[in-house]
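Participant:
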Amino acid sequence: MKQETNAIHAGYDREDGQSAVNPPIFLSTTFERAADGEYPLGWQYGRNDNPNRAMLEARLGALEGGAVAYAFASGSVTFMTLLQALTPADHVVAPDDLYFGIRVLLQDVFVPWGLNVSFVDTTDTVAVAAAMRPNTRLVMVETPSNPLMKVTDIAAVAGIAHDAGALLVVDNTFATPILQHPLALGADLVVHSTTKYLGGHHDATGGIIIAREQTDLSERVGMLQRYGGAVPSPFECWLVLRGTQTLPTRIRAHGANAMRVAEYLEGHPKVEAVYYAGLPAFAGHDVARRQMDGFGGMMSVLIKGGQEAAMSVAACMRVFTRATSFGSPHSLIEHRASVEAEGSTTPLNLLRLSIGLEHIDDLLADLEQALDF
Ligand SMILES: *Cc1c(COP(=O)(O)O)cnc(C)c1O
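Here you go:
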């Protein structure tokens with residue numbers, strides 16, 4: 000089936016839900032054994048498994064084209080579990096521009112634990128190849144990256160990782176499975192914060208990891224999911240499953256609005272630079288055109304006049320909401336460096352924009368009045 004159809008149907012069989020068109024929510028944390036002691040339908044205990052979680056894993060597994068998927072309580076704990084599935088003597092290659100919280104976990108938790116971590120510019124394949132070591136187990140890529148929107152060539156980095164006997168994991172949160180298919184490009188694992196576009200409405204926190212095929216590493220992630228228990232609630236699984244139904248349509252609309260906003264901002268005298276893969280002048284444009292089916296709804300903008308000018312633009316917005324996160328119908332704007340706090344390498348005049356689904360004329364007018372203020 001095509002993505003649009005999978006987004007609505009994959010993972011839910013109405014026979015399992017009393018014929019309800021939308022699945023019921025299974026709140027029970029425990030399931031009855033049969034007389035012989037077996038669990039007739041496989042369900043046992045809420046931490047180990049739950050029908051709503053299984054539906055979500057099946058649907059997102061289908062959208063990414065993976066063999067297995069494990070859902071978690073947040074995108075961050077998904078990464079944390081993947082890193083815990085390694086052994087401390089392993090080496091990990093991580094991007095120099097990656098989601099700030101994951102960098103904190105690597106530096107403050109996993110390096111003290113013993114994990115060897117190299118931060119490299121993953122858009123530079125020579126640098127990635129040079130960073131590989133005999134004990135490199137995992138290469139991490141985030142593309143487009145947060146917040147610099149850097150675009151990494153997934154197929155090229157997959158080749159480098161595999162030549163060195165390592166696995167490649169791609170954070171596909173910005174692109175979603177509608178615009179980018181990391182597993183088809185050679186990645187072994189895909190991670191999402193489902194808090195963003197997959198849930199799509201800023202009302203559920205979650206994460207998921209999807210593996211192209213079951214490996215020792217992905218089996219260990221599954222073991223940590225069941226025994227560690229950083230699992231999403233049935234209701235949050237249900238919300239994300241509902242959000243996926245409109246994902247293909249939402250993503251196209253986010254992208255159409257974002258292209259118009261990027262073109263407008265690129266020509267504005269108060270804007271120093273626009274980081275958006277859809278702009279032909281942007282460094283990552285050619286790779287993005289090759290490996291993506293569109294450029295998505297996220298961009299970053301450098302405002303002339305430094306941090307103060309950037310903060311005052313954010314403060315003047317009326318339609319855009321000044322808030323962190325992204326991927327919902329609401330357009331959001333944020334001064335990224337102040338969210339990231341100490342240790343941030345983000346330019347002080349950078350604003351990150353999540354382009355929502357409001358009318359484009361209202362979004363452009365809002366930006367115009369804020370930039371002219
Ligand atoms: C938000 C985000 C995360 C972390 O996910 P949470 O659900 O907030 O824990 C990881 N990677 C990227 C690219 C993100 O945007």
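Numbering that gives the first Met the number 0 numbers the first residue of the sequence shown as 0 and each following residue consecutively.
Where is the CB? At the ideal position from N, CA and C, for every residue including glycine.
State the Cα-Cα distance for the pair residue 241 and residue 52, rounded to the nearest angstrom.
Facilitator: Taking the straight line joining both Cα atoms gives about 12 Å.
Participant: For my contact list, residue 271 and residue 145 are in at a C-beta cut-off of 8 Å; report their separation, rounded to the angstrom.
Facilitator: Going by Cβ atoms, the distance from residue 271 to residue 145 rounds to 19 Å, so no, they are not a contact pair.
Participant: Would you tell me roughly how many angstroms separate the C-alpha atoms of residue 78 and residue 190, rounded to the nearest one?
Facilitator: Roughly 8 Å between the two C-alpha positions.
Participant: Please work out which residues of its chain come closer than 7 Å, Cβ to Cβ, to residue 273, disregarding the five sequence neighbours upstream and downstream, and give them in chain order.
Facilitator: For residue 273, where only same-chain residues beyond five positions count, the Cβ hits under 7 Å are 261, 264, 265, 298, 300.
Participant: Would residue 143 and residue 276 be called neighbours here (beta carbons separated by less than 8 Å)?
Facilitator: A contact, by the Cβ cut-off of 8 Å.
Participant: Could you give the residue range of the beta strand (DSSP E) that holds residue 427?
Facilitator: Nothing can be reported for residue 427: it is not among the residues displayed for the chain, which extend from 0 to 372.
Participant: If contacts are defined as beta-carbon pairs under 8 Å, then residue 99 and residue 367 qualify, I think. What distance do you get, rounded to the angstrom?
Facilitator: With 8 Å as the limit, residue 99 and residue 367 do not qualify as a contact, their Cβ atoms being about 30 Å apart.
Participant: Kindly indicate which residue of 212, 181, 345 has the alpha-carbon position closest to the one of residue 289.
Facilitator: Checking every option, the nearest Cα to that of residue 289 belongs to 181.
Participant: Any idea if residue 35 is buried or exposed, counting beta-carbon neighbours within 10 angstroms, 16 or more meaning buried?
Facilitator: Residue 35 comes out exposed.
Participant: Taking 7 Å as the cut-off, is the C-beta of residue 74 nearer than that to any heavy atom in ligand 1?
Facilitator: Yes, Cβ of residue 74 sits closer than 7 Å to a heavy atom of ligand 1.
Participant: For my contact list, residue 355 and residue 330 are in at a C-beta cut-off of 8 Å; report their separation, rounded to the angstrom.
Facilitator: The Cβ separation is near 4 Å, so the contact holds.
Participant: Assuming residue 254 contacts residue 199 (C-beta within less than 8 Å), just tell me the rounded distance between them.
Facilitator: Rounded, the Cβ-Cβ distance is 14 Å, inconsistent with contact.
Participant: So is residue 333 buried or exposed if we call it buried at 16+ other beta carbons inside 10 Å?
Facilitator: Looking at its Cβ environment, which holds 16 or more other Cβ atoms inside 10 Å, residue 333 is buried.
Participant: Take the Cβ of residue 89 as the centre, count every other Cβ of all protein chains shown within 10 Å, and call the residue buried at 16 or more, exposed below.
Facilitator: The residue is buried, with at least 16 neighbouring Cβ atoms inside 10 Å.
Participant: Can you grab the Cα-Cα spacing for the pair residue 56 / residue 170, in whole Å?
Facilitator: Answer to the nearest angstrom: the Cα atoms are 16 Å apart.
Participant: Taking C-alpha atoms, which residue in 95, 202, 223 lies nearest to residue 208?
Facilitator: The residue with the shortest Cα to Cα distance from residue 208 is 223.
Participant: Which same chain residues, not among the five before or five after residue 196, have their C-beta less than 6 Å away from its C-beta?
Facilitator: 175, 326, listed in sequence order.
Participant: Going along the chain, which residues of its own chain have a beta-carbon closer than 7 Å to the beta-carbon of residue 312, five neighbours each way excluded?
Facilitator: Cβ neighbours of residue 312 beyond the five flanking positions: 302, 350, 369, 370.
Participant: Where do the N-terminal and C-terminal ends of the alpha helix (DSSP H) with residue 263 fall, by residue?
Facilitator: 246 to 265 is the extent of the alpha helix (DSSP H) around residue 263.
Participant: Using three-state DSSP, classify residue 38 as helix, strand or coil.
Facilitator: Residue 38 falls in the coil class under three-state DSSP.
Participant: Pick out whichever of 128, 91, 130, 87 has its Cα sitting closest to the Cα of residue 113.
Facilitator: Of the listed residues, the one whose Cα sits closest to residue 113 is 87.
Participant: Would you check whether ligand 1 has a heavy atom nearer than 7 Å to the C-beta of residue 141?
Facilitator: The answer is yes for residue 141.
Participant: Which residues in the same chain have their Cβ closer than 7 Å to the Cβ of residue 105, if we skip the five residues on either side of it in sequence?
Facilitator: Excluding sequence neighbours, residue 105 sits near 93, 116.
Participant: Could you name each continuous alpha helix (DSSP H) segment of 4 residues or more that falls completely within the region 28 to 79, going from the start of the chain to the end?
Facilitator: Segments of the alpha helix (DSSP H) lying fully in the region 28 to 79: 50 to 63.
Participant: So, is residue 111 buried or exposed, given that buried needs 16 or more other C-beta atoms within 10 angstroms?
Facilitator: Result: exposed.
Participant: From residue 120 to residue 155, what does the alpha carbon distance come to, in whole angstroms?
Facilitator: The alpha-carbon atoms of residue 120 and residue 155 are separated by roughly 14 Å.
Participant: Given that a residue counts as buried once 16 or more other Cβ atoms are within 10 Å of its Cβ, and exposed if not, what is residue 109?
Facilitator: Buried: at least 16 other Cβ atoms inside 10 Å.
Participant: Where does residue 0 land, buried or exposed, given buried means 16+ other C-beta within 10 angstroms?
Facilitator: Under this definition residue 0 is an exposed residue.
Participant: State yes or no: is the C-beta of residue 122 nearer than 7 Å to some heavy atom of ligand 1?
Facilitator: False, no ligand heavy atom lies under 7 Å from that Cβ.
Participant: Just the C-alpha distance for residue 66 and residue 305, rounded to the nearest angstrom, thanks.
Facilitator: Straight-line Cα distance between these residues: approximately 47 Å.
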